[in-house]
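Below: the structure, in structure tokens.
Chains as they are written, first to last, in the numbering used here: chain A, -2 to 148; chain B, 37 to 139.
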């Protein structure tokens, strides 16, 4: 039978293992896991530090009207506004909506593009989080004829 | 170690457009294999870029970015001959850095 001291020692060993080998995602404190785990556009914007959310003409989302292959949908987000902290690309109907979050600095233009996977036709969003915590967004509908998340 | 990235950096006016093609599986964690088990997620989490050794760009990605990801951004004030280094780090802790010269 184990006494209390041995049990405590074993718990400490297990915790150490989890931290080093088992769960590499714990090693990245900088990675904003909450924002990527959030299911909806609003939730991930809030997890990224947004306080109020509004539509804006100064943020643009670029993408195709119809994507034949949902596994590779070229999406871009850009804004001409000053004082942008993060620029995010989101797909509303994906299992978790946030695709990518770009950190804007003085040295790069607030204009990024990448390719995303889309499970089904959905609205895609570009969300700009300003330095004062406001979130400004723009959306565009992309129709997908072949889903990209497998299954 | 993963395959090298393909980086092209082209200067136009007072900025340089950087295009990067990375080689990565980007497994979403949503797919199931033949025996019905979920394939664990494996994707690039962090991307950073340096211009002549100075951090200029960083991004966080989720599993919804496509396989063999493409990325485009523009670095202000980069001239021909400058060095652009791009680094990615995935959720298994693997990392890779490649460098290109602005043309």
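Ideal Cβ placement from N, Cα and C applies to all residues, glycine included. These numbers come from a predicted model, not from an experiment.
Here the stretch 102 to 122 of chain A lies against the stretch 62 to 78 of chain A, with 3 or more beta-carbon pairs under 8 Å apart. Annotation: residue 123 (chain B) to residue 131 (chain B) spans about 7 Å, alpha carbon to alpha carbon. Per DSSP, the continuous alpha helix (DSSP H) segment holding residue 38 (chain A) begins and ends at 38 to 44. In the pairwise beta carbon analysis, the stretch 102 to 122 of chain B is classified as touching the stretch 53 to 65 of chain B: at least three pairs are separated by under 8 Å.
Taken atom to atom, the span from the alpha-carbon of residue 112 (chain A) to that of residue 61 (chain A) is near 11 Å. Residue range 106 to 112 is occupied by the beta strand (DSSP E) that includes residue 106 (chain B). Among the residues of the stretch 70 to 100 of chain B, those with a Cβ less than 7 Å away from any Cβ of chain A are 81, 82, 87, 92, 93, 94, 95, 96, 97, 98 and 100, in the order of the chain. When DSSP reads this structure, residue 141 (chain A) sits in a beta bridge with A:64. Neighbourhood of residue 88 (chain A) in chain B, by CB distance below 8 Å: 100, in chain order.
Separation of residue 118 (chain B) and residue 88 (chain B) (C-alpha to C-alpha, rounded to the nearest whole angstrom) is 6 Å. Each of B:97, B:65 and B:52 was checked against the Cα of residue 78 (chain B), and the nearest Cα belongs to B:65. For residue 73 (chain A), the enclosing beta strand (DSSP E) has its first and last residue at 70 to 76. Here residue 80 (chain A) is exposed, its C-beta having fewer than 16 other C-beta atoms within 10 Å.
The beta carbons of residue 97 (chain A) and residue 85 (chain B) sit no closer together than 9 Å.
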